[in-house]
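In my numbering, the protein residues as written are 3 to 408.
Cβ coordinates follow ideal geometry from the N, Cα and C atoms, glycine included.
Just so you know, these numbers come straight off a predicted model, no measurement behind them.
In structure tokens, the structure reads:
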């Protein structure tokens, strides 16, 4: 009997025995490999504080949207319109900021953002209602939305670029004044480290008390230590890029703080709220979810409304970063977001997805784009690479699903 038990345990994957997610580990290793390759190809430019600071800002818009896309895909839907919603709401915010609130005031910037977020949520709710109540496939509805809202961005200004925007609004984009500086970055970093330490300790104790499977003390200490070192390294890199005007550390960019906050909130929503549990229950078995009393119509509308809200937030970041509302903002953004979500573990068959994995997928996609820009590759080749990455990600998902069925 002892030999049989030992054999059974030995067949369990090492990552499972250690309580680690093999997909997340693979993602981290893949990102590290991409960074090293690009660092060598760019003659030591990629892994500089300046470029990594820029990379973090470039990741922000995709990172903000990808958690919403995970929920969409988990529910067996897709949203092809998010790039157009980003551009439409971004243009609307540019018009509001430059023509309705032309003075540089914090309340003008705040109202611009709130109105833009409300518009994005409304667009998402309309599409979600069309899908949930009329039974039209999300692919068709959001494909129509892609065309409608891209055209809407043009119609708002008859194709004109709207600029400049107020300095207060530009903070959202991480411009010259769009970072929090060295001291505040260290404060944020220390708070994050304290939260990680307390959260990991509390989770470990609660799982042990309830008799649930847990990591060993040594593995948990190593995992927590690695997370703390990651935060420490992140703050050091962000502070390593100096402000060209004063020479002082620029610190963490505001859009990166927004992205991290959105990711943390969405992780909490998925893990600790009824809404998050209902989303995964619906994705796993829609009919069972209906029979269990879940209002699937309302749930679908809420998820698409949330996606529209996040697309509008990404639109604010992009527009503020460009200091202008343009008709091309957000073009093909849906490709990067869908690829990031699928690479991070969201299954197109529904029912499974990972917010941390999608976040790493966003970092991976932004790293590819950043590296190709540094290598001065034509935009055509950049599109080819992104398309190949998306196809490979979906192919991997299909292979994994077939193995699970067997």
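DSSP three-state label for residue i, please.
i: residue 294; result: coil
i: residue 255; result: strand
i: residue 140; result: helix
i: residue 327; result: strand
i: residue 56; result: helix
i: residue 285; result: helix
i: residue 229; result: helix
i: residue 77; result: coil
i: residue 148; result: helix
i: residue 4; result: Its pLDDT being 45, under 50, residue 4 is placed unreliably in this model, and the value from its coordinates should be taken loosely. Residue 4 falls in the helix class under three-state DSSP.
i: residue 348; result: coil
i: residue 217; result: coil
i: residue 50; result: coil
i: residue 204; result: helix
i: residue 404; result: helix
i: residue 100; result: helix
i: residue 332; result: coil
Tell me the DSSP bridge mates of residue i?
i: residue 244; result: 251
i: residue 181; result: 255
i: residue 164; result: 327
Excluding five sequence neighbours on each side, which residues of the same chain lie with their C-beta closer than 6 Å to the C-beta of residue i?
i: residue 187; result: 237, 240, 241, 253, 254
i: residue 170; result: 106, 108, 111
i: residue 364; result: 61, 64, 65, 68, 342
Return the chain-ordered list of same chain residues with a C-beta closer than 7 Å to the C-beta of residue i, the five sequence neighbours on each side being excluded.
i: residue 229; result: 198
i: residue 353; result: 76, 282, 285, 286
i: residue 120; result: none
So residue i is in the alpha helix (DSSP H); what residue range does that whole segment cover?
i: residue 358; result: 357-376
i: residue 29; result: 24-43
i: residue 91; result: 84-97
i: residue 170; result: 169-172
i: residue 340; result: 335-345
Please go through the same chain and pick out, in chain order, the residues whose beta-carbon is closer than 8 Å to the beta-carbon of residue i, but skip the five residues on each side of it.
i: residue 161; result: 329
i: residue 179; result: 169, 172, 173
task: Check whether the segment 94-102 touches the segment 150-166, taking contact to mean three or more Cβ pairs, one atom from each stretch, closer than 8 Å.
output: yes
- prompt: Are at least three pairs of beta-carbons, each pair with one atom in the segment 293-310 and one in the segment 358-366, less than 8 Å apart?
  reply: Contact fails between the segment 293-310 and the segment 358-366, because fewer than three Cβ pairs, one in each stretch, are under 8 Å apart.
field: Cβ pair count under 8 Å reaching 3, the segment 315-327 against the segment 111-129
entry: Verdict: yes, contact present.
task: Spell out a yes or no on whether the segment 43-60 and the segment 379-386 are touching, meaning 3 or more CB-CB pairs, one atom from each, closer than 8 Å.
output: Contact between the segment 43-60 and the segment 379-386 is not established, with fewer than three Cβ pairs separated by less than 8 Å.
query: Would you call the segment 193-210 and the segment 171-179 in contact, with 3 or more CB pairs under 8 Å?
result: no
message: With three or more C-beta pairs closer than 8 Å as the rule, is the segment 80-87 touching the segment 133-152?
response: In short, these stretches touch, since the Cβ pair count reaches three.
message: Counting beta carbon pairs with one atom in the segment 367-377 and one in the segment 31-45, are three or more of them shorter than 8 Å?
response: yes
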